[in-house]
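Peer 1: Quick note on numbering: the sequence shown equals residues 1 to 487 in full-length UniProt numbering. All C-beta atoms in this analysis are idealised placements derived from N, C-alpha and C, irrespective of residue type, glycine included. Sharing a structure here in structure tokens format.
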Amino acid sequence: MEQHYRVVIVGAGLAGLSCAKYLIENGINDFVIIEAHDQIGGRCRTIKLFEHPIELGSESLHGDILNNPLYQLAEEHHLIDIDDKGSDRDDCYHDEDAESIDEDVIDEVRKIYDEILEKKVPTYPYENYPDLSLGEFISAELEQYIKMKTLTLDKDEIDEQQKVINWLSKQHPYLNAIGCNKLTDVSVQGWNSLERLPSNNQYNTETAYIHGGFLNFLQRIFTDKINENKIELNTIVKRISIHEEEQYVDVEIIKNNQQLIIYQAKHVVCTQSVGCLKHSMHQMFIPPLPHAKRMCIQKLGFGTIDKIYLVFPQPFWDVDFETFNFLWDTNQLDTEWKLKCFTNTSFNSQWCKNINGFYVHHRLSNVLVTQISGEAAKYIETISDELLAMAFQELLCLFYPDNQSPLPEQIIRSRWFHQPFIHGTHTFIKIGSSIHDIKQLAVPWPNKPAKPLILFAGEGTHERFYGTTHGAYMTGIREAKRIVELY
Ligand SMILES: Cc1cc2nc3c(=O)[nH]c(=O)nc-3n(C[C@H](O)[C@H](O)[C@H](O)COP(=O)(O)OP(=O)(O)OC[C@H]3O[C@@H](n4cnc5c(N)ncnc54)[C@H](O)[C@@H]3O)c2cc1C
């Protein structure tokens with residue numbers, strides 16, 4: 001059975017939905033969106049906990065109404081969560097001997113770290129210079145700082161500074177926003193090409209949450225405008241074959257009943273993640289994607305960040321505190337050790353050293369939240385909820401023994417790396433790749449302006465805003481525009 005469309009969109013994440021909305025607004029209704037999962041949203045995934053929305057994927061909007069078009073849409077629909085003004089509760093910093101770390105030390109090192117990231121890293125030249133990793137750049141700067149400190153501080157004090165540096169290297173909001181394994185994986189030049197939107201919103205909030213969560217936003221802004229029979233859920237695109245002579249594309253799809261169907265289209269907009277393309281590009285495209293495109297998909301980084309929510313019957317901690325931070329001893333980072341609850345299991349406990357602590361959920365006062373990135377995130381996705389809940393109880397008791405953490409009664413978490421059709425969370429410019437790879441990925445195939453058959457959208461194709469919701473949104477519109485301009 002064959003069906004004909006002008007446009008087939010692969011994926012109902014932000015890029016796919018924004019592409020569809022733009023097509024409709026410009027008079028093209030002859031399209032279909034194919035989505036492998038049973039719901040829209042892709043890496044925006046909201047679930048309900050005690051009737052409150054919690055996010056397993058994207059958490060908040062960057063920037064403000066002037067620089068982020070999604071912020072503007074959310075504002076127009078009264079969806080910015082204005083109750084969230086942040087909190088004035090305290091932060092707690094302990095090492096694994098349960099010793100508290102002086103906040104003055106945290107503030108001093110944080111100031112240096114921020115200065116390196118925000119002032120020095122951006123001065124690293126772009127073109128015609130050998131690429132360097134962000135890890136190497138920061139380490140070289142910090143080495144100077146520590147050298148200077150050894151003139152006035154004793155060994156214990158230097159150790160304390162090192163603990164804070166290690167904690168910051170995983171904690172800095174810029175850095176844990178890409179899910180890389182280590183900062184030595186990230187290109188400085190690539191890092192500098194990522195544009196961070198300043199936030200100057202009228203509510204004085206650092207973070208703009210969305211009322212009802214991202215899913216509510218997507219429903220209100222996009223799916224309310226797209227006829228629901230134009231989104232085919234539980235449907236997998238298996239193969240995309242170009243018939244260049246005849247100028248059409250065959251899209252082989254499998255519906256949930258395993259029935260194979262072919263849709264014929266004049267244009268296909270691919271919005272799969274870079275992780276997904278890495279995984280499936282060799283089987284998916286006939287003929288194979290051009291060499292240059294395959295290389296850029298291979299070279300770009302695709303990180304993983306997982307979120308973990310621990311639900312307790314009630315807070316067992318001092319409610320004057322908002323965060324409980326874990327400052328690991330940097331002299332012991334590579335030392336073998338094992339959580340007690342892992343005895344008689346084959347799991348190792350090294351991943352724990354990537355846990356930087358917990359914060360209290362901004363709405364749910366009995367829920368602690370943490371994030372984990374890189375290889376450690378991929379590793380714990382393979383551990384059962386029961387065992388992981390015990391592991392977190394043990395860690396909380398190690399750093400904060402006075403609180404005597406009970407076993408969480410529920411654990412809710414993402415498993416983005418093992419999530420089929422997603423395979424991770426964020427595109428980043430890995431050492432060895434460059435912004436040109438992002439640009440190359442965005443080029444339609446064949447690269448003929450008069451008749452692009454396969455077009456590429458998705459966060460990993462935005463040269464300034466990769467890794468973000470607004471980046472994904474803009475690329476969907478970019479590719480829809482390319483089609484609209486043809487007709
Ligand atoms: C934990 C986490 C936190 C984040 N935090 C933020 C944040 O605070 N702010 C921010 O701006 N951004 C954040 N992001 C990033 C943001 O969520 C993504 O950049 C954006 O949602 C990506 O949208 P997309 O449309 O490009 O891709 P996706 O959302 O991945 O959509 C692609 C869709 O294609 C589908 N698909 C793939 N292959 C096939 C196939 N063969 N057949 C059919 N369907 C297929 C997938 O199922 C998916 O639904 C975060 C992401 C994560 C995971």
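On the premise that Ile226 lies in contact with Ile24, defined as a C-beta separation below 8 Å, what is that separation, rounded to the nearest angstrom?
Peer 2: Counted from its first residue, the sequence shown places residue 24 at position 24. Counted from its first residue, the sequence shown places residue 226 at position 226. Contact flag correct, Cβ pair sits at about 7 Å.
Peer 1: Quick one: does the C-beta of Ile9 sit closer than 7 Å to a heavy atom of ligand 1?
Peer 2: Mapped onto the sequence shown, residue 9 falls at position 9. Ile9: no, Cβ never under 7 Å from ligand 1.
Peer 1: May I ask whether a heavy atom of ligand 1 can be found less than 7 Å away from the beta carbon of residue 515?
Peer 2: No information on residue 515 is available, as it lies outside the stretch 1 to 487 that the chain covers here.
Peer 1: Given Ile236, which residues of its chain have a CB within under 6 Å of its CB, disregarding the five upstream and five downstream residues?
Peer 2: By 1-based counting over the sequence shown, the position of residue 236 is 236. Contacts found: Ala36, Ile254.
Peer 1: Assuming Asp90 contacts Asp320 (C-beta within less than 8 Å), just tell me the rounded distance between them.
Peer 2: For the purposes of this step, residue 90 is taken as residue 90 along the sequence shown, with counting starting at 1. For the purposes of this step, residue 320 is taken as residue 320 along the sequence shown, with counting starting at 1. Yes, they are in contact, since the Cβ atoms of Asp90 and Asp320 sit about 6 Å apart, within 8 Å.
Peer 1: Here's the rule: buried if 16 or more other CB atoms are within 10 angstroms of the residue's CB, otherwise exposed. What is Asp185?
Peer 2: Counted from its first residue, the sequence shown places residue 185 at position 185. When all chains shown are included, Asp185 counts as buried.
Peer 1: Would the beta-carbon of Pro53 fall within 8 Å of that of Tyr473?
Peer 2: Counting from 1 along the sequence shown, the entry for residue 53 is found at position 53. Counting from 1 along the sequence shown, the entry for residue 473 is found at position 473. Cβ atoms of Pro53 and Tyr473: not closer than 8 Å.
Peer 1: Report yes if the CB atom of Asn354 is closer than 8 Å to the CB atom of Ala376, and no otherwise.
Peer 2: As a first step, residue 354 must be located in the sequence shown, where it is residue number 354. As a first step, residue 376 must be located in the sequence shown, where it is residue number 376. Yes, the pair counts as a contact, with Cβ atoms nearer than the cut-off.
Peer 1: Quick check: is any heavy atom of ligand 1 less than 7 Å from the C-beta of Gln272?
Peer 2: Within the sequence shown, numbered from 1, the residue matching residue 272 stands at position 272. Checking the Cβ of Gln272 against ligand 1 gives yes.
Peer 1: Using a threshold of 8 Å, state whether the C-beta atoms of Val15 and Phe31 are closer than that.
Peer 2: Position 15 of the sequence shown, counted from the first residue, corresponds to residue 15. Position 31 of the sequence shown, counted from the first residue, corresponds to residue 31. Rather than Val, the amino acid found at residue 15 in this sequence is Ala. No. Outside cutoff.
Peer 1: Check the DSSP bridge columns for Tyr466 and list the partner residues they point to.
Peer 2: To locate residue 466, count along the sequence shown from 1; it is residue 466. DSSP lists no partner for Tyr466.
Peer 1: Put Leu368 into one of helix, strand or coil per three-state DSSP.
Peer 2: Numbered from 1 along the sequence shown, position 368 holds the residue referred to as residue 368. Three-state DSSP puts Leu368 in a strand.
Peer 1: Below 8 Å between beta carbons: does that hold for Ser373 and Thr469?
Peer 2: Walking along the sequence shown from the start, residue 373 turns up at place 373. Walking along the sequence shown from the start, residue 469 turns up at place 469. No, they are not a contact pair.
Peer 1: Give every residue of the same chain whose Cβ lies closer than 6 Å to the Cβ of Ile477, excluding the five residues on either side of it in the sequence, and list them in chain order.
Peer 2: One-based indexing of the sequence shown puts residue 477 at position 477. Ser18, Tyr22.
Peer 1: Using 8 Å as the threshold, is the C-beta distance between Val10 and Val269 below it?
Peer 2: For the purposes of this step, residue 10 is taken as residue 10 along the sequence shown, with counting starting at 1. For the purposes of this step, residue 269 is taken as residue 269 along the sequence shown, with counting starting at 1. Yes, the pair counts as a contact, with Cβ atoms nearer than the cut-off.
Peer 1: So Phe312 and Pro406 are in contact, right, with Cβ under 8 Å, and what is the actual spacing, rounded?
Peer 2: Locating residue 312 in the sequence shown gives position 312, where the first residue counts as 1. Locating residue 406 in the sequence shown gives position 406, where the first residue counts as 1. That pair is a contact at about 7 Å.
Peer 1: Cβ-heavy atom distance between His42 and ligand 1 below 7 Å?
Peer 2: Indexing the sequence shown from 1 puts residue 42 at position 42. Reading off the sequence, residue 42 comes out as Gly, not His. True, at least one ligand heavy atom lies under 7 Å from that Cβ.
Peer 1: Using beta-carbon positions only, say whether Trp167 and Asn325 come within less than 8 Å of one another.
Peer 2: Counting from one through the sequence shown, the residue named residue 167 turns up at place 167. Counting from one through the sequence shown, the residue named residue 325 turns up at place 325. Yes.
Peer 1: Would Tyr466 pass as a contact of Leu183 if the rule is Cβ separation under 8 Å?
Peer 2: Here residue 466 refers to the residue found at position 466 when the sequence shown is read from its first residue. Here residue 183 refers to the residue found at position 183 when the sequence shown is read from its first residue. No, the pair does not count as a contact, with Cβ atoms beyond the cut-off.
Peer 1: Ile308 lies in the beta strand (DSSP E); which residues open and close that run?
Peer 2: Here residue 308 corresponds to residue number 308 of the sequence shown, with the count starting at 1. Where Ile308 is concerned, the enclosing beta strand (DSSP E) stretches over 305-311.
Peer 1: Apart from the five residues on each side of it in sequence, which residues of its chain come closer than 8 Å, Cβ to Cβ, to Leu300?
Peer 2: On the sequence shown, position 300 is the one that residue 300 refers to. Once the five neighbours on either side are set aside, the close Cβ partners of Leu300 are Val274, Thr427, Phe428, Ile429, Lys430, Ser433, Asp437, Ile438, Leu441, Gly460.
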